[in-house]
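All remarks here apply to the structure that follows.
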Amino acid sequence: RDLHLSIRRQRQMCIRDRHTGPAISPPPDCVGSKQFYIHSFQDDVNRVIQGERTFELVNKDWKYPYHIVHLNVHSGALVIPRGTFHRSESGESGSIVINQAKRYDGFNPSSEFDPVSTAENRDLYNILRHEKPVVHTLGE
12 RDLHLSIRRQ
22 RQMCIRDRHT
32 GPAISPPPDC
42 VGSKQFYIHS
52 FQDDVNRVIQ
62 GERTFELVNK
72 DWKYPYHIVH
82 LNVHSGALVI
92 PRGTFHRSES
102 GESGSIVINQ
112 AKRYDGFNPS
122 SEFDPVSTAE
132 NRDLYNILRH
142 EKPVVHTLGE
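Here's what the structure looks like:
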């Protein structure tokens with residue numbers, strides 16, 4: 012379960028995705044396809060405080076729309092802007108991530124956290140299939 016700490020009206024800190032072993036967030040759908048989160052009214056600001064986490068980021072508006080970012084406790088924060096598809100996978104020993112999200116007018120928790128399946132979103136599927144990811148390792 013997530014732990015939310017209110018910081019300001021439009022900022023919230025969330026200790027989430029406490030993984031005790033390898034895990035994927037969001038998990039694959041019922042047919043095994045990758046799923047991603049995408050927020051319309053929230054930027055995520057993620058920092059690994061234990062273990063390692065790998066993020067996949069997809070944004071069709073970027074020059075290079077597909078990125079893979081490896082983070083550890085030395086990496087600093089990864090900002091995921093609204094409108095960016097994202098998912099993460101913990102390292103073998105698990106991980107803990109703090110997300111200090113920035114929320115915008117119009118934020119509604121009941122609609123911001125529905126996973127999007129690559130089996131149902133053709134644009135997302137095509138980017139993953141045809142674009143070579145730019146790979147980043149932060150915190151070395």
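Under my numbering, the first residue of the sequence shown is numbered 12, with each subsequent residue one higher.
We put the CB at the ideal spot given by N, CA and C, even for glycine.
In this structure, DSSP gives Arg93 a state outside helix and strand, which the three-state scheme calls coil.
With fewer than 16 neighbouring CB atoms inside 10 Å of its own CB, Asn137 falls in the exposed class. In the structure shown, Asn137 adopts helical secondary structure according to DSSP, grouped into three states. Contact check between the segment 104–112 and the segment 125–136: fewer than three CB pairs, one atom from each, fall below 8 Å, which does not count as touching. Around the Cβ of Lys45, a 10 Å sphere holds 16 or more other Cβ atoms; the residue is buried. Non-local beta-carbon contacts of Gly32 in its own chain, meaning distances under 8 Å to residues more than five positions away in sequence, involve Ser101, Glu103, Ser104, Gly105 in chain order. Annotated as proximal: Phe47 and Pro126, with beta-carbon spacing under 9 Å. The criterion of a C-beta distance shorter than 9 Å is not satisfied by Val42 and Gln111. Tyr77 places its beta carbon less than 9 Å from that of Leu139.
Boundaries around Glu123 are those of the alpha helix (DSSP H), 120–123, since no beta strand (DSSP E) includes it.
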